[in-house]
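Chemist:
Protein chains in written order, with the working numbering: chain R, 25 to 320; chain B, 10 to 165.
(1) What is the residue span of the alpha helix (DSSP H) that residue 101 (chain B) lies within?
(2) Strictly by DSSP, which residues pair up with residue 192 (chain R)?
(3) Please report whether the beta-carbon of residue 41 (chain B) lies at a distance below 8 Å from any beta-carbon of chain R.
(4) Residues in its own chain within less than 6 Å of residue 155 (chain R) by CB, not counting five upstream and five downstream?
(5) Per DSSP, residue 142 (chain R) is paired with what?
(6) By the criterion of Cβ-Cβ separation under 9 Å, what are the contact partners of residue 73 (chain R) in chain B?
(7) In terms of alpha-carbon separation, which member of B:67, B:112, B:139 and B:94 lies closest to residue 84 (chain B)?
(8) Strictly by DSSP, which residues pair up with residue 179 (chain R)?
(9) What residue range is occupied by the uninterrupted beta strand (DSSP E) comprising residue 206 (chain R)?
(10) Answer yes or no: do residue 149 (chain R) and residue 30 (chain B) have a C-beta to C-beta separation smaller than 8 Å?
(11) Can you tell me whether residue 149 (chain B) is buried or exposed? The criterion is at least 16 other CB atoms within 10 Å of its CB, across all chains shown.
(12) Going along chain B in order, which residues have a C-beta closer than 7 Å to the C-beta of residue 192 (chain R)?
(13) So what does DSSP say about residue 49 (chain B), is it helix, strand or coil?
(14) Have a look at residue 95 (chain B) and residue 89 (chain B) and give me their C-alpha separation to the nearest angstrom.
(15) What residues of chain R sit near residue 74 (chain B), judged by a beta carbon separation below 7 Å?
(16) In chain order, what residues of the segment 152-164 of chain R put their CB closer than 8 Å to some CB of chain D?
(17) Does DSSP classify residue 148 (chain R) as helix, strand or coil?
(18) Report yes or no: is there a C-beta of chain B within less than 8 Å of the C-beta of residue 310 (chain R)?
(19) Taking a contact to mean a Cβ-Cβ separation below 8 Å, would you say residue 191 (chain R) touches residue 167 (chain R) in this structure?
(20) So what does DSSP say about residue 241 (chain R), is it helix, strand or coil?
(21) Roughly how many whole angstroms lie between the Cα atoms of residue 55 (chain B) and residue 182 (chain R)?
(22) Do the segment 68-78 of chain R and the segment 203-212 of chain R make contact, defined as three or more Cβ pairs closer than 8 Å?
(23) Does the distance from the CB of residue 276 (chain R) to the CB of residue 216 (chain R) come in under 8 Å?
(24) Can you tell which of R:80, R:55 and R:94 has its C-alpha closest to the C-alpha of residue 64 (chain B)?
(25) Report yes if the CB atom of residue 290 (chain R) is closer than 8 Å to the CB atom of residue 171 (chain R), and no otherwise.
(26) Looking at C-alpha atoms only, which residue of B:106, B:16, B:77 and B:157 is the closest neighbour of residue 60 (chain B)?
(27) Check whether the Cβ atoms of residue 80 (chain R) and residue 296 (chain R) lie closer than 8 Å to each other.
(28) Report the rounded CA-to-CA distance for residue 127 (chain R) versus residue 69 (chain B), giving the unit in angstroms.
(29) Tell me which same chain residues have a C-beta within less than 8 Å of the C-beta of residue 135 (chain B), skipping the five on either side of it?
(30) In the structure shown, what three-state DSSP assignment does residue 66 (chain B) receive?
(31) Kindly indicate the opening and closing residues of the beta strand (DSSP E) around residue 274 (chain R).
(32) Do residue 244 (chain R) and residue 257 (chain R) come within 8 Å of each other at the CB atom, strictly closer than that value?
(33) Pair every Cβ in the segment 96-103 of chain B with every Cβ in the segment 122-139 of chain B, then say whether three or more of these pairs are closer than 8 Å.
(34) Specify the secondary structure class of residue 83 (chain R) as computed by DSSP and reduced to three states.
(35) On the criterion of 16 or more Cβ atoms from any shown chain inside 10 Å, does residue 45 (chain R) qualify as buried, or is it exposed?
As structure tokens, this is what we get:
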């Protein structure tokens, strides 16, 4: 093969590749194909391996549990007695809370349904450039793209792409992740931006007048329409006025240890509209307030 | 019967490579399989295994479709260049090839990340390239130990 022919062939192949790449960027046909086949195949391989690993871990742990079962039993009995006493003491508080909830008609958000999922893997392969995890639920089992992921500690991220029974979720630490949040105590709104798995999160667009303090918890505001309102996301680490913008420079850390998660909850939208927050402004402008009666 | 063993070996390889990739983020173990196929000139198995490798890498990744094609094309081209110059079935060649592939890995990441608006992080890319370059020769060496029967078969 002459050099000229080789260069010509390489050029033609490059043009064909770029054509295919641009066409796929527009239509996502090949992305969908590889997600449906490749991710499904990967999930199909990893799921039994994961189950086998879990079974052997359980077997091993059970053996060690038996070794220390007597001591643990005594300790747990003591703990149960202590908790029963505490429960009795708090019974009155619980009853009061129930009454107060009924009184203010606090809405219980029924628009999201939790579904358990197991984490199969973290980033996989050379093409996994985003901070992500692979889970064992796909679009046919509750893991549609966009579905939020949480644990009992807080927000994890959301599903990025899904095959029938497996999906890849984008973690909140990824630089392309943006989450609308507000601070739990001062209620200052902002956008939480990821900086990478080993780096701190950044809270942008918080007004300088906001009284945010280190240690404060950031919760989802629900204003982005992607996440339910009120899920804890991160803890504020540092707060200082920004040198470059008119906003505050705030850093935070995720509440969930994203490097060691094994199970997550998917929040599947149920289709039931979110009850209106009593403190929320009415959606429609209904006219000016009625004039006050003139006092004599 | 030997063909069945061979296919079985490759199926086990795919399962193990997937599990290994899940354990070590960013590393491509299937590249080792591709190098073995090229060394053995086993184009019949290459014809069905390469699409599976591409499909799986694209499926488990978060890049737009195309990166795996570029990456495996680079592997094949570098291997073919190496075949002109060296004896390809020894550890030294694989070691040199893996060093070149480490550089190529960095190049592929550097060229494809901006196409998808992904922020290119030099430190992460260097780390991933080094990991790939280090993993490749030792994985190849280990896998070749499990394929001695194939070598004997070719010699006979």
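All C-beta atoms, glycine included, are put in the ideal place defined by N, C-alpha and C.
None of the values given here were measured: they were computed from a predicted structure.
Modeler: For this structure:
(1) In the second chain, residue 101 (chain B) corresponds to position 92, counting from 1. Per DSSP, residue 101 (chain B) belongs to the alpha helix (DSSP H) from 100-121.
(2) As a first step, residue 192 (chain R) is located in the first chain; it is residue number 168 there, counting from the start. DSSP lists R:158 and R:185 as partners of residue 192 (chain R).
(3) If you number the second chain from 1, residue 41 (chain B) lands on position 32. False, the Cβ-Cβ gap to chain R never drops below 8 Å.
(4) Taking the first residue of the first chain as position 1, residue 155 (chain R) is located at position 131. Once the five neighbours on either side are set aside, the close Cβ partners of residue 155 (chain R) are 195, 197, 198 and 221.
(5) Residue numbering aside, residue 142 (chain R) sits at position 118 when the first chain is read from its first letter. In the DSSP output, where bridge partners are listed per residue, residue 142 (chain R) has R:287.
(6) As a working note, residue 73 (chain R) is residue 49 in the first chain. In chain order: 24, 27, 28 and 31.
(7) For the purposes of this step, residue 84 (chain B) is taken as residue 75 along the second chain, with counting starting at 1. For residue 84 (chain B), the nearest C-alpha among the options comes from B:112.
(8) Taking the first residue of the first chain as position 1, residue 179 (chain R) is located at position 155. Answer is R:174, bridged to residue 179 (chain R).
(9) Residue 206 (chain R) sits at position 182 when you count from the first residue of the first chain. Run containing residue 206 (chain R): 202-207, per the beta strand (DSSP E) assignment.
(10) Within the first chain, numbered from 1, the residue matching residue 149 (chain R) stands at position 125. Within the second chain, numbered from 1, the residue matching residue 30 (chain B) stands at position 21. Yes; because the gap between Cβ atoms is below 8 Å, this pair is in contact.
(11) Taking the second chain and counting its residues from 1, one reaches residue 149 (chain B) at position 140. That one is buried.
(12) Mapped onto the first chain, residue 192 (chain R) falls at position 168. Result: 71.
(13) Within the second chain, numbered from 1, the residue matching residue 49 (chain B) stands at position 40. The answer is coil: DSSP assigns residue 49 (chain B) none of H, G, I, E or B.
(14) Counting from 1 along the second chain, the entry for residue 95 (chain B) is found at position 86. Counting from 1 along the second chain, the entry for residue 89 (chain B) is found at position 80. Roughly 10 Å separates the two Cα atoms.
(15) If you number the second chain from 1, residue 74 (chain B) lands on position 65. Going along chain R in sequence order, the residues near residue 74 (chain B) (Cβ under 7 Å) are 48, 54, 55 and 58.
(16) Going by chain labels, chain D is absent from the structure shown, which instead holds the protein chains R and B.
(17) On the first chain, residue 148 (chain R) is found 124 positions in, with the first residue counted as 1. Coil at residue 148 (chain R), not helix or strand.
(18) Along the first chain, read from residue 1 onward, the residue named residue 310 (chain R) stands at position 286. Model confidence at residue 310 (chain R) stands at a pLDDT of 39, short of 50, so the residue's coordinates are unreliable; what they give is reported in the following sentence. For residue 310 (chain R), the answer is no, since every Cβ of chain B falls outside 8 Å of its Cβ.
(19) One-based indexing of the first chain puts residue 191 (chain R) at position 167. One-based indexing of the first chain puts residue 167 (chain R) at position 143. Yes, the pair counts as a contact, with Cβ atoms nearer than the cut-off.
(20) Within the first chain, the letter at position 217 stands for residue 241 (chain R). Strand at residue 241 (chain R).
(21) Residue 55 (chain B) sits at position 46 when you count from the first residue of the second chain. Residue 182 (chain R) sits at position 158 when you count from the first residue of the first chain. Rounded to whole angstroms, residue 55 (chain B) to residue 182 (chain R) spans 37 Å at the Cα level.
(22) no
(23) Locating residue 276 (chain R) in the first chain gives position 252, where the first residue counts as 1. Locating residue 216 (chain R) in the first chain gives position 192, where the first residue counts as 1. Yes, Cβ-Cβ distance for residue 276 (chain R) and residue 216 (chain R) is below 8 Å.
(24) Residue numbering aside, residue 64 (chain B) sits at position 55 when the second chain is read from its first letter. Answer by Cα proximity: R:55.
(25) Against the first chain, residue 290 (chain R) aligns to sequence position 266. Against the first chain, residue 171 (chain R) aligns to sequence position 147. For residue 290 (chain R) and residue 171 (chain R), yes; Cβs fall inside 8 Å.
(26) Here residue 60 (chain B) refers to the residue found at position 51 of the second chain. When each option's Cα is compared against that of residue 60 (chain B), the closest is B:77.
(27) Along the first chain, one-based indexing puts residue 80 (chain R) at 56. Along the first chain, one-based indexing puts residue 296 (chain R) at 272. Cβ distance not < 8 Å, so residue 80 (chain R) and residue 296 (chain R) don't count as in contact.
(28) Walking along the first chain from the start, residue 127 (chain R) turns up at place 103. Walking along the second chain from the start, residue 69 (chain B) turns up at place 60. Confidence at residue 127 (chain R) is low in this model, with a pLDDT of 49, below 50, so its placement is unreliable and the value that follows should be read with caution. Taking the straight line from one Cα to the other gives about 50 Å.
(29) Residue mapping note: residue 135 (chain B) aligns to position 126 of the second chain, counting from 1. For residue 135 (chain B), where only same-chain residues beyond five positions count, the Cβ hits under 8 Å are 115.
(30) As a first step, residue 66 (chain B) is located in the second chain; it is residue number 57 there, counting from the start. Correct three-state label for residue 66 (chain B): helix.
(31) In the first chain, the residue the question calls residue 274 (chain R) occupies position 250. Unbroken beta strand (DSSP E) run through residue 274 (chain R): 272-278.
(32) Numbered from 1 along the first chain, position 233 holds the residue referred to as residue 257 (chain R). Numbered from 1 along the first chain, position 220 holds the residue referred to as residue 244 (chain R). Yes; because the gap between Cβ atoms is below 8 Å, this pair is in contact.
(33) no
(34) As a working note, residue 83 (chain R) is residue 59 in the first chain. Helix, per DSSP.
(35) Taking the first residue of the first chain as 1, we reach residue 45 (chain R) at position 21. With 16 or more Cβ atoms within 10 Å of its Cβ, residue 45 (chain R) is classed as buried.
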